[in-house]
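Position one of the first sequence corresponds to residue 21 (the numbering used here), numbered consecutively onward.
Right, one structure below, let's go through it.
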Amino acid sequence: MDHQEEQEIAPSNEGFQFRMGLNDNKAGMEGLDKEKINKIIMEATKGSKFYDNELKKDQQVNQRIEKMLQQKSQLTISQIKKAQVQVDKLALELERSRDLSRVIVHVDMDAFYAAVEMRDNPELKDKPMAVGSMSMLFFFQSTSNYLARRFGVRAAMPGFIAKRLCPNLYIVPLNFDKYRAVSKEVREIFSEYDPNFLPLSLDEAYLDITDHLEERTSAEEAVREMRFRIEQKTTLTASAGIAPNMMLAKVCSDKNKPNGQYIIPHDRQAVTDFIKDLPIRKVPGIGKVTEKMLRALGITTCTDLYQQRALLSLLFSDTSWHNFLHISLGLGSTRIERDGERKSMSTERTFSEMSSAEEQYELCQQLCKDLAEDLNKEGLKGRTVTLKLKNIKFEVKTRASTVSYVVSTEDEIFSVAKEILKAEIDLASPEPLRLRLMGVRISGFLSENEKHQKSITSFLSLSKATKTKCSEMADKSDQATQAPAPQRESFFNQKRAARQQGLEQGSTSSEQNVKCAPIEQQKEITEVDQICEEPDFTCPICMMKQSDWDLEAFNKHIDQCLSKSPPSDNLQMTKCEDVLAASNDKAQKSNEGFSDDLRKDVHIKNLKNKMETVPPSDDLDDFVIDKNTMRAIHNQDVPLNPCKDEIICKNPMENHQLESDVGLKTTDESKAPSAPSSSVCHEETIFICPVCNIRQDTSNLAVFNRHVDVCLNKGILEELQEHNPNQDPRRPIKTDLRNGTTVRGNAGNRSTARTKRPRAMQQNPTSKKPKTNRSSLTIDAFFK
DNA sequence: CGGATCGAC
DNA sequence: CTATGTCGATCCG
Numbered sequence: 021m022d023h024q025e026e027q028e029i030a031p032s033n034e035g036f037q038f039r040m041g042l043n044d045n046k047a048g049m050e051g052l053d054k055e056k057i058n059k060i061i062m063e064a065t066k067g068s069k070f071y072d073n074e075l076k077k078d079q080q081v082n083q084r085i086e087k088m089l090q091q092k093s094q095l096t097i098s099q100i101k102k103a104q105v106q107v108d109k110l111a112l113e114l115e116r117s118r119d120l121s122r123v124i125v126h127v128d129m130d131a132f133y134a135a136v137e138m139r140d141n142p143e144l145k146d147k148p149m150a151v152g153s154m155s156m157l158f159f160f161q162s163t164s165n166y167l168a169r170r171f172g173v174r175a176a177m178p179g180f181i182a183k184r185l186c187p188n189l190y191i192v193p194l195n196f197d198k199y200r201a202v203s204k205e206v207r208e209i210f211s212e213y214d215p216n217f218l219p220l221s222l223d224e225a226y227l228d229i230t231d232h233l234e235e236r237t238s239a240e241e242a243v244r245e246m247r248f249r250i251e252q253k254t255t256l257t258a259s260a261g262i263a264p265n266m267m268l269a270k271v272c273s274d275k276n277k278p279n280g281q282y283i284i285p286h287d288r289q290a291v292t293d294f295i296k297d298l299p300i301r302k303v304p305g306i307g308k309v310t311e312k313m314l315r316a317l318g319i320t321t322c323t324d325l326y327q328q329r330a331l332l333s334l335l336f337s338d339t340s341w342h343n344f345l346h347i348s349l350g351l352g353s354t355r356i357e358r359d360g361e362r363k364s365m366s367t368e369r370t371f372s373e374m375s376s377a378e379e380q381y382e383l384c385q386q387l388c389k390d391l392a393e394d395l396n397k398e399g400l401k402g403r404t405v406t407l408k409l410k411n412i413k414f415e416v417k418t419r420a421s422t423v424s425y426v427v428s429t430e431d432e433i434f435s436v437a438k439e440i441l442k443a444e445i446d447l448a449s450p451e452p453l454r455l456r457l458m459g460v461r462i463s464g465f466l467s468e469n470e471k472h473q474k475s476i477t478s479f480l481s482l483s484k485a486t487k488t489k490c491s492e493m494a495d496k497s498d499q500a501t502q503a504p505a506p507q508r509e510s511f512f513n514q515k516r517a518a519r520q521q522g523l524e525q526g527s528t529s530s531e532q533n534v535k536c537a538p539i540e541q542q543k544e545i546t547e548v549d550q551i552c553e554e555p556d557f558t559c560p561i562c563m564m565k566q567s568d569w570d571l572e573a574f575n576k577h578i579d580q581c582l583s584k585s586p587p588s589d590n591l592q593m594t595k596c597e598d599v600l601a602a603s604n605d606k607a608q609k610s611n612e613g614f615s616d617d618l619r620k621d622v623h624i625k626n627l628k629n630k631m632e633t634v635p636p637s638d639d640l641d642d643f644v645i646d647k648n649t650m651r652a653i654h655n656q657d658v659p660l661n662p663c664k665d666e667i668i669c670k671n672p673m674e675n676h677q678l679e680s681d682v683g684l685k686t687t688d689e690s691k692a693p694s695a696p697s698s699s700v701c702h703e704e705t706i707f708i709c710p711v712c713n714i715r716q717d718t719s720n721l722a723v724f725n726r727h728v729d730v731c732l733n734k735g736i737l738e739e740l741q742e743h744n745p746n747q748d749p750r751r752p753i754k755t756d757l758r759n760g761t762t763v764r765g766n767a768g769n770r771s772t773a774r775t776k777r778p779r780a781m782q783q784n785p786t787s788k789k790p791k792t793n794r795s796s797l798t799i800d801a802f803f804k
């Protein structure tokens, strides 16, 4: 929502400086003036660990700025001139490819959470109120009403400070189910204007109404109507921005904030006029730090940004200055697109101080469990696990470890995370870790393409490995590999140290630091069948039976054994779980009180809406659904898997069981829509490769088939090539959005929105690439 | 690759 | 009385 009105704690040399909103303290009737507000906040904050940390961070930013300025001072005029030429070349190209043909709308509910609460409890209307978690802190968008704002109460301000600013403040706890229900109603309206709209969060969305406008007079009228319908349906108001691209639309929606809209017509002059005095901070993607750095260069507006483009190209990374250039030209994405594949997934929790190692392990495991569930929903597996720790001084530390196999289950993740945690605990000992937050992240997902590649290389490696005798390696086995990260080494050392202390996890593979010699470039597939092994805990690499080990020890062993290029599938078996959660329909509010000409029209549309619109199964919240998926849902032809492989459930309601002969399916068969997978198998399905006889850790039939294929030494390369490039990648359905769940003490919190942002700025710099099949979407006829 | 940082809500 | 969140992406070394 309105991020520019957030409180910003910006400690500087003198102390606190506050940036209030643009319209700082409009009404002086009641409430506090800026100075008082700052003073109160200052008093509440000063001396806290949090503040200390903020100061420290601020210092770091200052150092960065200093470094940058130093760099700047060393630039020569000729360097800058040269850069100028380069940048202008790009600018010209960008200008030439400017696309003004789309009509993009950004819609933003006004003070959404607060508005919902006030609607449902009118008593709150006359009182300063805010939404958030008890007296701890409250967060999430514009959570305060206008009364409260007069006291300086802002989004992203801790509750206890807000209370000091405004002792009568009502703090209403978050009620996500409610917001979700309202959001659903709003989205139903959105989908009529753009069935392919992109929700950013519960209260915000991008729409491309270009097509819709074909039967309309004006964009403004259409958007006004849409907002009106939203208000009729939900009693809540929304603001909107209309512009030729996403970046501009977003900025516009903020312009006439409460209950208003703003349009930038699709004409170049209008865009440049708008951009001219726009403060860079208002642009999505430019945050506190970037603003400060640019300000150090004398840049505050987009015009400044444009004028300094040559300098910026020398001081910032390519992506950064490209982004800046786009902004200063008023360019942004003209197509509303989902993000590409997700790159990481994480979960973290804050709690009151925790210093017992035992508890920490326990929490860690819980986090892994949660994460594993999330991963499972999207059918993802990754190779690097990152542990995030924040101590009571607010110092954040992350430690990562990437293993050679893919992990996705609780046990797998925990076995890695646990080691990292142990290393940290041991590192700090005899002092305990005094934590206030812990998080676990997984990344290094195998992309669809990589999945194939990985499995090739893994099997290549495997076949070689099978032949190669595993050599016993000393601890620092990394030397042998080409890129031994020093951290890793120390990490292993720490791990070993941990082991010697005999702490906690007795089952770690202490002396078994077995490791294969690094596998060099493989030339061809040989003796693939050699990989076949018993399904029990026999290491497929060193062929040693490990049956008395527990799973994590076993995984670890394999990790060590493989070092770098492992098999893509390990011997784990995954539980198939319902991807489609049970859906329960929320009763829809019917609306009344229409009073003007629009009334009839709106009523009809709302009716139509109810009858025809199949909302994106919103019970799962923050869905991001693309056009194809949408269509598929309408046809009840739901792609169930995030991967390209066409496993399509003809009717998601039918509960197919996987054929028992599944293990014998060939790749060809997998290409035909066949028995559905994850969403419909309620029981564990065991995939055992009929060739190598190893259980495959996947619930994805196609993946499994591919494995079998590889195992059979069939031409997977060919298959890769013939893989239909026209296929739209099936995007994973995003769920999530959880309620706050208290973990410990009163500080527990669980995340809220986690919709991914679109790359607002991303327009292909050299937009020459003939984007496959999208051409039909772009109308280029608009140049003047 | 690992770690810190940024920006979003 | 205390008391400042969670997530994904990107940058930098």
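Don't be surprised by glycine CBs; every beta carbon is placed ideally from N, CA and C.
Proximity to residue i [Cα-Cα], best of the options
| i | options | result |
| --- | --- | --- |
| arginine 1 | Leu441, Pro450, Leu455 and Lys102 | Look at the range of the chain in this structure, 21 to 804, and you will see that residue 1 is not part of it. |
| alanine 841 | Leu185, Phe248, Ser121 and Leu349 | Past the boundaries of the shown model lies residue 841; the chain is included only from 21 to 804, so the question cannot be answered. |
| proline 187 | Arg170, Lys198, Asn195 and Tyr199 | Arg170 |
| isoleucine 262 | Val125, Thr404, Pro452 and Leu52 | Val125 |
| leucine 52 | Gln281, Arg249 and Val173 | Val173 |
| lysine 147 | Lys101, Leu167, Ala225 and Phe344 | Leu167 |
| isoleucine 433 | Asn343, Asp390, Pro452 and Ile445 | Asp390 |
For residue j and residue i, the rounded distance between their alpha carbons
| i | j | result |
| --- | --- | --- |
| lysine 265 | alanine 330 | Lysine is not the amino acid found at residue 265; the sequence shown has asparagine there. Those two C-alpha atoms are separated by around 25 Å. |
| leucine 407 | aspartate 72 | 24 Å |
| lysine 413 | valine 460 | 20 Å |
| glutamate 241 | tyrosine 213 | 12 Å |
| isoleucine 19 | lysine 69 | Residue 19 falls outside the range modelled here, since the chain spans only 21 to 804, and no answer is possible. |
| proline 285 | phenylalanine 465 | 41 Å |
| lysine 54 | methionine 62 | 12 Å |
| alanine 807 | glutamate 439 | Because the chain here runs from 21 to 804, residue 807 falls outside it and cannot be looked at. |
| alanine 448 | serine 375 | 11 Å |
| threonine 257 | lysine 363 | 35 Å |
| asparagine 276 | leucine 351 | 21 Å |
| serine 117 | serine 333 | 21 Å |
| lysine 197 | methionine 88 | Before going on, a small fix: residue 197 reads as aspartate here, not lysine. Using only the alpha carbons, I get a separation of about 47 Å. |
| asparagine 82 | arginine 315 | 12 Å |
DSSP-derived helix/strand/coil call for residue i
| i | result |
| --- | --- |
| threonine 370 | strand |
| tryptophan 410 | Per the sequence presented here, residue 410 reads as lysine, with tryptophan not at that position. Three-state DSSP puts lysine 410 in a strand. |
| leucine 256 | coil |
| arginine 461 | strand |
| glutamine 90 | helix |
| aspartate 338 | helix |
| arginine 779 | Caution applies to arginine 779, whose pLDDT of 36 falls short of 50 and renders its modelled position unreliable; the model cannot decide the point. |
| glutamine 328 | coil |
| glutamate 224 | strand |
| alanine 443 | helix |
| phenylalanine 397 | It should be noted that the sequence gives lysine, not phenylalanine, for residue 397. Note: lysine 397 maps to helix in three-state DSSP. |
| arginine 200 | helix |
Check whether residue i and residue j have beta carbons under 9 Å apart
| i | j | result |
| --- | --- | --- |
| methionine 267 | isoleucine 347 | yes |
| aspartate 228 | valine 123 | yes |
| leucine 222 | valine 192 | no |
| leucine 335 | leucine 349 | no |
| phenylalanine 210 | isoleucine 356 | no |
| valine 426 | valine 436 | no |
Exposure of residue i, with buried meaning 16 or more beta-carbon neighbours within 10 Å
| i | result |
| --- | --- |
| leucine 112 | exposed |
| proline 450 | exposed |
| serine 372 | exposed |
| glutamate 398 | buried |
| proline 662 | Since pLDDT at proline 662 reaches only 27, below the 50 mark, its modelled position is unreliable, and no value is offered. |
| isoleucine 97 | exposed |
| aspartate 338 | exposed |
| asparagine 165 | buried |
Near the ligand ZN: residue i beta-carbon under 8 Å from a heavy atom
| i | result |
| --- | --- |
| glycine 67 | In terms of ligand content, the structure shown is empty, and the ligand ZN therefore cannot be addressed. |
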